[in-house]
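Step one of this worksheet: look at the structure below.
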């Protein structure tokens, strides 16, 4: 089912992000060293790319360069980017995917601009309102998909349902698990105000897609517990959860380091288990989970953290290659279309409930 | 400034929680073994307490028992609990504090009922609308206070401001740090809809308490970064963040264990550093941070996770003792009163902004 990765091409927006082109070029190097098989199209200011490559070499038979003069600033509003960024690296990189010259694009740049430009150039999959930023979260069962993690701060119940459908199709395509378990992120207490929207989404989801293994509400600790495969939430909550998990991983990483260097015996013990510890360190590094696929677009777009270091960028490239090798776009399109075909007219009182929930 | 802990008394609601009286009695034992100096008043069904004590002994010179027949069920709605729980262990334990017979109360029981009963019996500190559940979060600078973590799902800007004031006074009382840094939890992107409330709260906070070291917006990873001391958010977001951090800690704890047992060399290395690892294990165990003080009540109430095991309950008791030894109630009362005295009349256009934000 998976494509031969050496036939794939990834477009890389070299100019995006807080750490500049060097970090991106270094990230490409790391990814290639790690075994990345795709070709890379580096998009950005030729001179900046050349300068970065003079410090970190990239093989000419694996990379090509497309010059783009403009750069979308990290604080540009999306509307401004749409009007003024036609000559930018972000736009040109996205167009590589639009034209079929690349299987996907990776950018560390301004998220709002990336979403807006991608939406305009690649269009949405029919039936999906807005792209959702998703995160692949390590869990006790391997990985869980969490969406939305920051692209959609305010959502409707219908959008949560779309996220669920896309996340489930995405997970199915990536793992070939037949029935991914889907949950809506909530807090434990049952009858509190504020989750009327989530309750309504649960109801709509059950009716819209009875085939889905929708397990109901899950809590924050369930994301990594291995008991759920797809976790659906609004972008504000998802982003807070994601950043909190990262901060926790860093804190605990520091504690592990302290334990390993606490005294002479600890250091001796650590020396004996170097390979295990190296593997643990990489595992606990938030950079290793960097890379958020934007689901719902008619093309593969992976957003890397703005502050990404080369290790994080390499992770995003490897993720993009993995996604490009699997037919997740088709899975999402098919599933959304199937669900639409099966759509049941909701009775009027539910529509009233939806309006009441949205107004709350 | 801190009271002699051996002069303190803690009331313990033995009947609350998912794991029954035995877990609570075992938690008391662990806390005493750990060095708890307070006297304990065990409140609940005498026979159940006696049975649990027959398995786990508690010294008669450190504990006393108050019989209460009723038990608040974990799924009772708060209103029902208020009407029908007068004979419950939760009510009687709270009344120990009300009557001054105990310096604080610890309960694993139904959070909503605990808040409702505590509010009715202990009353609120003047100037505070609703109690806030706070969490003491380990961070790179020691600890950070996060509130609200689940008691208030929907909040107004004014309530967020009250949380900030209480959290800051609480932190100041517990650490004697003169100017705790206070932040409002938000996501990185600036001009997204959905944080109008938070922006308004930031504005009101700066005007209401210019003395406070309010550092502005912080993200999820900042909670444990050591760059902030008090993090303010609504109860939904706070609870998701808290549970996500717990789940992450469990996941990473599993990875550490895997690394230490991966092969013979790893196990040998682990054997050399047993004391360090024991300390690390306790540090990473979410049970060690169990215990949420409910701030804003006119008395010390510590909520323990409903599913608390004895280790978690012991943590909650130790936390309650620590809090009872410090004058945090007085600090909160004084600071709230000072801020009220300094209150500036907000001009009409701000009130309009507030209405617009609330309606959004």
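Protein chains in written order, with the numbering used here: chain A, 1206 to 1565; chain P, 1206 to 1565. Every residue, glycine too, gets a C-beta built ideally from N, C-alpha and C. The structure displayed is predicted, hence computed values, not measured ones.
The beta carbon of residue 1361 of chain A sits no closer than 7 Å to any beta carbon of chain P. In terms of Cβ geometry, residue 1437 of chain A and residue 1376 of chain A do not form a close pair [threshold 7 Å].
The stretch 1515-1523 of chain P makes contact with the stretch 1231-1241 of chain P, as at least three CB pairs between them are under 8 Å. Secondary structure note for residue 1218 of chain A: its beta strand (DSSP E) is the uninterrupted segment 1214-1218. Assignment of beta-bridge partners to residue 1329 of chain A by DSSP yields A:1502. If you draw a straight line from the Cα of residue 1344 of chain A to the Cα of residue 1433 of chain A, it is about 9 Å long. Shortest Cα-Cα distance from residue 1262 of chain P to any of P:1277, P:1271, P:1273 and P:1228 involves P:1228. Among the residues facing chain A, residue 1338 of chain P is not included, as its CB has no counterpart in that chain under 7 Å away. In the displayed model, residue 1537 of chain A falls within a helix according to three-state DSSP.
Rounded to whole angstroms, the separation of the alpha carbons of residue 1323 of chain A and residue 1248 of chain A is 15 Å.
In this structure, residue 1213 of chain P places its C-beta atom within 7 Å of the C-beta atom of residue 1529 of chain P.
Secondary structure note for residue 1403 of chain A: its alpha helix (DSSP H) is the uninterrupted segment 1401-1413.
Judged by beta-carbon spacing, residue 1513 of chain A lies within the 7 Å limit of residue 1495 of chain A, meaning their Cβ atoms are closer than that value.
Under a criterion of Cβ atoms nearer than 7 Å, the residues of chain P adjacent to residue 1430 of chain A are, in order, 1452.
With respect to residue 1431 of chain A, residue 1346 of chain A sits close: the two C-beta atoms are nearer than 7 Å. Separation of residue 1515 of chain A and residue 1230 of chain A (C-alpha to C-alpha, rounded to the nearest whole angstrom) is 8 Å. In this model, residue 1477 of chain A and residue 1459 of chain A are separated by some 20 Å (Cα to Cα). Annotation: residue 1523 of chain A has no Cβ neighbours in chain P at a cutoff of 7 Å; minimum Cβ distance is about 20 Å.
Under the three-pair Cβ rule at 8 Å, the stretch 1307-1325 of chain P counts as touching the stretch 1277-1295 of chain P. Of the residues assessed, residue 1508 of chain P falls on the buried side of the cut-off, its CB having 16 or more other CB atoms within 10 angstroms.
Separation of residue 1342 of chain A and residue 1211 of chain A (C-alpha to C-alpha, rounded to the nearest whole angstrom) is 26 Å. Judged by their CB atoms, residue 1303 of chain P and residue 1287 of chain P are not nearer to each other than the 7 Å cut-off. Under the three-state reduction of DSSP output, residue 1282 of chain A falls in the coil class, being neither helix nor strand. In this structure the stretch 1404-1412 of chain P does not touch the stretch 1451-1468 of chain A; the number of beta carbon pairs closer than 8 Å is below three. Neighbourhood of residue 1445 of chain A in chain P, by CB distance below 7 Å: 1390, 1392, 1425, 1442, 1445 and 1446, in chain order.
If you check the CB distance, residue 1275 of chain A and residue 1290 of chain A come in under 7 Å.
Contact note: residue 1264 of chain P does not reach chain A at a C-beta cutoff of 7 Å; the least C-beta distance is about 34 Å.
Residue state for residue 1343 of chain A is assigned as strand, using DSSP reduced to three classes.
Residue 1487 of chain A and residue 1384 of chain P have their C-alpha atoms roughly 37 Å apart. Taking a contact as a CB-CB distance under 8 Å, the pair residue 1354 of chain P and residue 1440 of chain P counts as one, their CB atoms being some 7 Å apart. Listed along the chain, the chain A residues whose CB falls inside 7 Å of the CB of residue 1249 of chain P amount to none; the nearest CB is some 23 Å away.
The beta-carbon of residue 1469 of chain P is placed no less than 7 Å from the nearest beta-carbon of chain A.
By the 16-neighbour rule on beta-carbons within 10 angstroms, residue 1448 of chain P is buried. DSSP assignment within the stretch 1206-1255 of chain A yields the following whole alpha helix (DSSP H) runs of 4 residues or more, N-terminal first: 1225-1238.
Under the three-state reduction of DSSP output, residue 1267 of chain P falls in the coil class, being neither helix nor strand. Under the 7 Å criterion on CB atoms, residue 1289 of chain P is classed as non-interfacial with respect to chain A.
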